[in-house]
Amino acid sequence: MVLTGLPRGGTTLSCYLVGKARNTVALNEPIRRDEFAHLLPDREAVAEGVERYFRRARRNVESKGVVFSKHVSGTLSDATFGTPNAEGVRKPVLQKGEIAVEKELGLDFFLVIKHPALFTAL
Numbered sequence: 003m004v005l006t007g008l009p010r011g012g013t014t015l016s017c018y019l020v021g022k023a024r025n026t027v028a029l030n031e032p033i034r035r036d037e038f039a040h041l042l043p044d045r046e047a048v049a050e051g052v053e054r055y056f057r058r059a060r061r062n063v064e065s066k067g068v069v070f071s072k073h074v075s076g077t078l079s080d081a082t083f084g085t086p087n088a089e090g091v092r093k094p095v096l097q098k099g100e101i102a103v104e105k106e107l108g109l110d111f112f113l114v115i116k117h118p119a120l121f122t123a124l
């Protein structure tokens, strides 16, 4: 499942909540922005590249029990920014990297990838 929407429109929260569902793995912006640049302007080739990415991510879950995603301390988060500091500035708290999938999944698990800017551009 592709999860997209307007930036700052609640997609991070949506991804977090969907990821809580049983038999579901949700990823928060795992794809590099330039991952498919070499395929442009061929939109069909880009769509095939996205499909290959989904298959690769599923294989990683099935064989290694890990995914690549934005996260906070190894778990999906419902917030992109932390609490305001003394100056009122909220700094980003997300980092990108591998995280363990620590839930029981069936072979037919749902894979959700949230990437508003990338998927909307397609």
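Using my numbering, you'd call the opening residue of the sequence shown number 3 and step up by one each time.
Using N, Cα and C, we set each Cβ at its ideal position, and we do this for glycine too.
Because the structure is a prediction, the values reported are computed rather than measured.
Ordered along the chain, which non-local residues of its own chain (more than five positions away) have a Cβ less than 7 Å from that of LEU120?
In the sequence shown, counting from the first residue as 1, residue 120 sits at position 118. Cβ within range, chain order: ILE33, ARG35.
Following the continuous alpha helix (DSSP H) through PHE121, name the residue where it begins and the one where it ends.
Here residue 121 refers to the residue found at position 119 of the sequence shown. Unbroken alpha helix (DSSP H) run through PHE121: 118–123.
What is the DSSP secondary structure of ASN25, reduced to helix, strand or coil?
Here residue 25 is taken as the residue at index 23 of the sequence shown, counted from 1. In the structure shown, ASN25 sits in coil (DSSP, three-state: anything other than H, G, I, E or B).
For PHE112, write down the residues that DSSP places opposite it in a beta bridge.
Working through the sequence shown from its first residue, we reach residue 112 at position 110. Bridge partners of PHE112: THR26.
Report yes if the CB atom of LYS116 is closer than 8 Å to the CB atom of LEU5, and no otherwise.
On the sequence shown, position 114 is the one that residue 116 refers to. On the sequence shown, position 3 is the one that residue 5 refers to. Cβ atoms of LYS116 and LEU5: closer than 8 Å.
Looking at the unbroken beta strand (DSSP E) that takes in GLY99, where does it start and where does it end?
Translated into the one-based positions of the sequence shown, residue 99 becomes position 97. Looking at the DSSP string, the run of the beta strand (DSSP E) that includes GLY99 is 97–102.
Considering only the beta carbon of each residue, do LYS72 and ASN25 sit closer than 8 Å?
Residue mapping note: residue 72 aligns to position 70 of the sequence shown, counting from 1. Residue mapping note: residue 25 aligns to position 23 of the sequence shown, counting from 1. Taking 8 Å as the Cβ cut-off, LYS72 and ASN25 do not qualify as a contacting pair.
Please identify the residue among LEU109, THR77, PRO43 whose C-alpha is closest to the C-alpha of ARG61.
Walking along the sequence shown from the start, residue 61 turns up at place 59. It is LEU109 whose Cα lies nearest to the Cα of ARG61.
Report yes if the C-beta distance between VAL2 and VAL20 is below 8 Å; otherwise report no.
In the structure displayed, the chain extends from 3 to 124; residue 2 sits before or after that span and is not available.
Going straight from the alpha carbon of ARG45 to that of VAL52, what length do you get?
Within the sequence shown, the letter at position 43 stands for residue 45. Within the sequence shown, the letter at position 50 stands for residue 52. Note on geometry: alpha-carbon atoms of ARG45 and VAL52 lie some 10 Å from one another.
Please classify ALA123 as buried or exposed, where buried requires at least 16 neighbouring CB atoms within 10 angstroms.
Walking along the sequence shown from the start, residue 123 turns up at place 121. So ALA123 ends up on the exposed side.
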